[in-house]
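Worksheet: one structure, shown below.
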Amino acid sequence: MTELEVVHETRYDYAAPVTLAHHLAHLRPLDDAGQRLLAHELDIEPGPQQRRDDRDAFGNQQSHFTLLRPHRTLVVRATSRVQVAARFAALQAARSPAWDTLAARLRYVARAPFEPAAEFAMSSPYVPRLEPLRAWAAPSCTPGRPVAELAIELMRRLHREFEYESRSTEVDTPLAQAFVQRRGVCQDFAHLLAGALRMHGVPARYVSGYLLTRGPEDGTAMVGADASHAWVQAWCPDTPGVAGGWLDLDPTNDLVPGSGHVRVAVGRDFGDVTPLRGVIRGGGRHTLAVGVTTRVVGPVVANPG
0 MTELEVVHET
10 RYDYAAPVTL
20 AHHLAHLRPL
30 DDAGQRLLAH
40 ELDIEPGPQQ
50 RRDDRDAFGN
60 QQSHFTLLRP
70 HRTLVVRATS
80 RVQVAARFAA
90 LQAARSPAWD
100 TLAARLRYVA
110 RAPFEPAAEF
120 AMSSPYVPRL
130 EPLRAWAAPS
140 CTPGRPVAEL
150 AIELMRRLHR
160 EFEYESRSTE
170 VDTPLAQAFV
180 QRRGVCQDFA
190 HLLAGALRMH
200 GVPARYVSGY
210 LLTRGPEDGT
220 AMVGADASHA
230 WVQAWCPDTP
240 GVAGGWLDLD
250 PTNDLVPGSG
260 HVRVAVGRDF
270 GDVTPLRGVI
280 RGGGRHTLAV
290 GVTTRVVGPV
300 VANPG
């Protein structure tokens, strides 16, 4: 396992006083079998008059806070210490179920048992149904192909055929535009891969988190480090080496994440897991600065057997 520290700081500077603000943050990393949260602090300046921490519909930790006093600056700093395991070191993609059999099992049938993963095979606000995306993925979707192999090939094709380019898109750039221009940022890459899988009936979740500048296993340079990162989980149940059924795939870096990726939240798309969002009264024009630092603070040790 790798022990990491992540510091994520967001700063808003407003031209006029903000007299009322309600914010929602997804900044606390997940704590589960593959990732142990050792410590987490959320510092907010100025201090909020109200704060509530709970879980959302997808099981992510979230924080709601309200500022009732006028302020011209807001600084939100999340500091986390996490142990991360290379969860897919024993992956056997060729032994996963056939994607088309899986997709057929998840189709709606009246009075049939509910399959929770089916929710992630549907369109969502940031990942609409796009026929060109279905056509792009179709050559890889040969009948009977193991779903993990299919998902990995689509990840590799996306990485090869699309260009990562900072500031080439905005948060609200339509997915169809990112597909046509064949370039974007990690958010676009994650939405495109999720959309391609969903268009063929394979559930896919959007993951927000962080990653090291270089992978701890082999020192590979990572794209999208020193900022919030995004990738995808494909539904690959009954696959050796995939505990819990969800296989992480990072199309920006063309890899199955190891112990250098920190998961913060999962959802249908970016809108479900936005690191910080809010509604304010006042403020006028504003500037936003975001900084993320991820570093190794403990030894890289073998995963416990």
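Numbering (numbering that gives the first Met the number 0), first residue to last: 0 to 304. Note that the Cβ used here is the ideal one computed from N, Cα and C, for glycine as well.
N- and C-terminal bounds of the alpha helix (DSSP H) containing residue i
| i | result |
| --- | --- |
| residue 100 | 98–105 |
| residue 155 | 146–160 |
| residue 191 | 185–197 |
| residue 177 | 174–180 |
Residues near residue i in its chain [Cβ-Cβ closer than 6 Å; skip 5 each side]
| i | result |
| --- | --- |
| residue 202 | 116, 119, 120, 234 |
| residue 374 | Only positions 0 to 304 of the chain appear in the structure, and residue 374 is not among them; the question remains open. |
| residue 198 | 132, 133 |
| residue 123 | 267, 268 |
| residue 306 | Coverage of the chain is limited to positions 0 through 304, which leaves residue 306 absent and any answer about it impossible. |
| residue 226 | 291 |
Closer than 7 Å: residue i CB and nearest the ligand MG heavy atom
| i | result |
| --- | --- |
| residue 8 | Ligands in the displayed structure: none, and consequently the ligand MG is not present. |
Counted within 10 angstroms of its Cβ, other Cβ atoms place residue i as buried (16 or more) or exposed
| i | result |
| --- | --- |
| residue 67 | exposed |
| residue 287 | exposed |
| residue 204 | buried |
| residue 249 | buried |
| residue 91 | exposed |
Helix, strand or coil at residue i according to DSSP, with G and I counted as helix
| i | result |
| --- | --- |
| residue 131 | helix |
| residue 64 | strand |
| residue 249 | strand |
| residue 110 | coil |
| residue 202 | coil |
| residue 139 | helix |
| residue 77 | strand |
| residue 116 | helix |
| residue 92 | helix |
Sequence-distant residues of its chain with Cβ nearer than 8 Å to residue i (five each side left out)
| i | result |
| --- | --- |
| residue 104 | 114 |
| residue 303 | Only weak support exists for where residue 303 lies, its pLDDT of 44 falling under 50; the coordinates are left without a value. |
7 Å Cβ shell around residue i - same chain, five flanking residues per side excluded
| i | result |
| --- | --- |
| residue 162 | 181, 182 |
Closer than 8 Å to chain C by CB, residue i
| i | result |
| --- | --- |
| residue 20 | The chain inventory of the structure shown lacks chain C, comprising one protein chain alone. |
Extent of the continuous beta strand (DSSP E) to which residue i belongs
| i | result |
| --- | --- |
| residue 272 | Counting along the chain, residue 272 falls outside any beta strand (DSSP E), though it belongs to the alpha helix (DSSP H) covering 269–272. |
| residue 347 | Here the chain has residues from 0 to 304 only, and residue 347 is not among them. |
| residue 44 | 34–44 |
| residue 16 | 1–24 |
For the structure I just gave you, are there three or more beta carbon pairs, one from the region 28–37 and one from the region 268–287, closer than 8 Å? Contact fails between the region 28–37 and the region 268–287, because fewer than three Cβ pairs, one in each stretch, are under 8 Å apart.
Stretch pair the region 234–247 + the region 10–25: three plus CB contacts closer than 8 Å: Judged by Cβ distances under 8 Å, the region 234–247 makes no contact with the region 10–25, as fewer than three pairs qualify.
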